[in-house]
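Asker: One structure, as structure tokens, below. Some questions next.
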Amino acid sequence: MSRRRLLTALCTFTLIATATPAVAAPAATAEPRTLAPACSERPRELPIYEFTDHRELGIELDRIERVSEGRVEVAQIGRSNRGREIWSARVGTGPKAVLLTSEIHGNEKTGTDALLKMLDWVGTSDSPKARRWRDRLTIVAIPKMNPDGAELDRRGNDLSWQEVVASNPQLRHSEPAWNYYTEPRQGDDYSERPGFDVNRDYNPDLNYVPRATDFPGSSAQPGWYITPEARAVRDVYRGLAAEFGEVDTYVDLHHQGACYVMPEDRDEFVTLSVSGRFVDDPATTPGYEKYAGRYDLDYSKRLNVAVYNALRGAANNRPVFGNVTLYPQDLHLPGTGLGSFALNGSGTVLFEVRGQTQTLGQRHRGMLTRAVNIGLDGMLSAIASGQVDRLDPADYDRIPPRGPNIGTATPTADPRTLLEP
Ligand SMILES: [Zn+2]
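According to mature numbering (1 follows the signal peptide of the UniProt record, and there is no 0), the residues represented by the sequence shown are -24 to -1, 1 to 397, in order.
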């Protein structure tokens, strides 16, 4: 057995050990402890067929719309650069609009499956909880918003700078955007099929039109809506803002490195990191002052506390759900969807589930998808009941930070392998 296969076998054992439901577990110590973990961030080709692909997504959304008897409305909101449909699914008639997106990075796939499960339940259940969600919330989900990246199983979309210039001739003398990939990343070769990190293409000015002087830009500056995928989500957001006055909450579902460990227990991997902070305080950031009146970091913190509390509660039965940490808080990424929409007044929540497909493939898929659903359930219930307003934002600051990444990688590994969010 090769070393790689041996590591895989060890990790598979770990999966089986942690996937066995603890029967009537009285305390968080009932689950078998993992042995000293072996973990690699080195990109590999791993199976992903258990995840929902674009074709299956269309079929499943169709089915959910049908069995919900009209409660869930599916609409095509745009097309990817390669012509794949981007769909939204809307359910509920309540006054609070909640927008959720997944797979903006096509190698981060649990969010799509979690959204489908949530839509199926809220669209068909007659439980008091589902009725409350439908009465008090308007939920709009955009699963797999970067379908070209998802089909290629990679982070970036499938769009060349030449194509961008063809539709934006004012950029013909500009340098390509800084988030344009033409070299290997995370094991994917972009030289034949270049693309962009779509999650740097947002701009808090929802009516922004690309200007030559704003290129190539940087991570500290907003994006441009040059990708059809970010434009499709922006259009939905803008429509909801016009309809509801404000989009109450925006959630973006991602994956992070596979080998982060808990700060107090380095034998335990982080299942999920959360965050509500993606930009510097606009009140004190030159050029962003106009957003200060709407920006509400405390609300984002409360939403994240609701997610955290739900997962900590679930850890009573299955400790792995309790391995939740706070994502790094020193970001200023106004070109992310979360950053741009936070500046427009939405409460924002980032989910960073363990392991992109180049490191975990579909391993732990069921558990990690379930973790997303538990977190979403806690958050949406707290918004629908109003409990979110009674949560203490200071609890957010007490969520433990991520421990170190203990992953092994070859010395030549691309340091950008760990690109997030
Ligand atoms: Zn991501």
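For every residue, glycine included, the Cβ atom is placed at its ideal position computed from N, Cα and C.
Give me every residue whose Cβ sits closer than 5 Å to any heavy atom of ligand 2, in chain order.
Answerer: Within the structure as shown, ligand 2 is missing, the only ligands being ligand 1.
Asker: Based on DSSP bridge pairs, tell me the residues matched to Val300.
Answerer: Position 324 of the sequence shown holds residue 300. Val300 pairs with Leu248.
Asker: Taking the CB atoms as reference points, tell me whether Thr114 and Arg66 lie closer together than 9 Å.
Answerer: Taking the sequence shown and counting its residues from 1, one reaches residue 114 at position 138. Taking the sequence shown and counting its residues from 1, one reaches residue 66 at position 90. Their beta carbons are under 9 Å apart, which means Thr114 touches Arg66 by this criterion.
Asker: At 4 residues or longer, and completely inside the stretch 345 to 389: list those alpha helix (DSSP H) runs for me, N to C.
Answerer: Counting whole runs of 4 or more residues, the stretch 345 to 389 contains the alpha helix (DSSP H) stretches 369 to 373.
Asker: According to DSSP, which residues form a beta bridge with Arg330?
Answerer: Against the sequence shown, residue 330 aligns to sequence position 354. Beta-bridge pairing links Arg330 to Gln232.
Asker: On the three-state DSSP scale, how would you describe Tyr284?
Answerer: Taking the sequence shown and counting its residues from 1, the one referred to as residue 284 is at position 308. Three-state DSSP puts Tyr284 in a helix.
Asker: For a test of the three-state rule: what should DSSP assign to Ser64, helix, strand or coil?
Answerer: On the sequence shown, position 88 is the one that residue 64 refers to. In this structure, Ser64 counts as strand in the three-state DSSP scheme.
Asker: To the nearest angstrom, how far is the alpha carbon of Leu326 from that of Glu139?
Answerer: Here residue 326 is taken as the residue at index 350 of the sequence shown, counted from 1. Here residue 139 is taken as the residue at index 163 of the sequence shown, counted from 1. Each residue's Cα considered, the two are about 31 Å apart.
Asker: With Arg60 and Asp102 assumed to form a contact (beta carbons below 8 Å), what rounded beta-carbon distance in angstroms separates them?
Answerer: Looking up residue 60 in the sequence shown gives position 84. Looking up residue 102 in the sequence shown gives position 126. That pair is no contact at about 34 Å.
Asker: Between Val329 and Ala347, which are expected to be in contact by the criterion C-beta below 8 Å, what is the C-beta distance as a whole number of angstroms?
Answerer: Residue mapping note: residue 329 aligns to position 353 of the sequence shown, counting from 1. Residue mapping note: residue 347 aligns to position 371 of the sequence shown, counting from 1. That belief holds up - the Cβ atoms of Val329 and Ala347 are roughly 7 Å apart, short of 8 Å.
Asker: If distances are taken between C-alpha atoms only, which option among Asn381, Glu26, Ser78 comes closest to Val227?
Answerer: The sequence position of residue 227 within the sequence shown is 251, counting from 1. Considering only alpha carbons, the answer is Ser78.
Asker: Using 8 Å for Cβ pairs, my map puts Leu248 next to Ala188. What's the rounded Cβ distance?
Answerer: By one-based count along the sequence shown, residue 248 stands at place 272. By one-based count along the sequence shown, residue 188 stands at place 212. That pair is no contact at about 40 Å.
Asker: Determine which residues share a DSSP beta bridge with Ile118 and list them.
Answerer: The sequence position of residue 118 within the sequence shown is 142, counting from 1. In DSSP, Ile118 forms a bridge with Thr77.
Asker: Do Ala14 and Leu76 have their C-beta atoms within less than 9 Å of each other?
Answerer: Counting from 1 along the sequence shown, the entry for residue 14 is found at position 38. Counting from 1 along the sequence shown, the entry for residue 76 is found at position 100. It is not a contact, given that the beta carbons lie outside the stated cut-off.
Asker: From the DSSP output, in three-state form, read off Ile53 for me.
Answerer: Taking the sequence shown and counting its residues from 1, one reaches residue 53 at position 77. The answer is strand: DSSP assigns Ile53 an E or B state.
Asker: Please report the straight-line C-alpha distance between Ser44 and Ser194, rounded to a whole angstrom.
Answerer: Translated into positions along the sequence shown, residue 44 becomes position 68. Translated into positions along the sequence shown, residue 194 becomes position 218. The straight-line gap from Cα to Cα measures roughly 44 Å.
Asker: By the 10 Å Cβ neighbour count, where 16 or more other Cβ atoms means buried, how is Lys277 classified, buried or exposed?
Answerer: If you number the sequence shown from 1, residue 277 lands on position 301. Classification of Lys277: buried, given that the 10 Å Cβ count is 16 or more.
Asker: By DSSP, does Val325 sit in helix, in strand, or in coil?
Answerer: Along the sequence shown, one-based indexing puts residue 325 at 349. If DSSP states are grouped into helix, strand and coil, Val325 belongs with the strands.
Asker: Examine the Cβ distances between the stretch 199 to 208 and the stretch 358 to 367 and report whether three or more of them are shorter than 8 Å.
Answerer: Too few Cβ pairs lie closer than 8 Å, so no.
Asker: With distances taken from CA atoms, which of Leu91, Trp109, Trp97 is nearest Gly70?
Answerer: Taking the sequence shown and counting its residues from 1, one reaches residue 70 at position 94. Nearest option by C-alpha distance: Trp109.
Asker: Among Met343, Asp272, Ile382, Asn320, which one has its Cα closest to the Cα of Val296?
Answerer: Translated into the one-based positions of the sequence shown, residue 296 becomes position 320. With distances taken between Cα atoms, Val296 lies closest to Met343.
Asker: Could you pull the start and end residues of the alpha helix (DSSP H) that Tyr213 belongs to?
Answerer: As a working note, residue 213 is residue 237 in the sequence shown. Element bounds for Tyr213: 204 to 220.
Asker: Quick check: what's the CA-CA separation for Ile80 versus Ser16?
Answerer: For this step, residue 80 is matched to residue 104 along the sequence shown. For this step, residue 16 is matched to residue 40 along the sequence shown. In a straight line, the C-alpha of Ile80 is about 24 Å away from that of Ser16.
Asker: Please list, in chain order, all residues of the same chain as Trp137 whose beta carbon is under 8 Å from its beta carbon, the five residues on each side excluded.
Answerer: As a working note, residue 137 is residue 161 in the sequence shown. So the list reads Pro152, Ala153, Tyr156, Pro170, once near-sequence residues are dropped.
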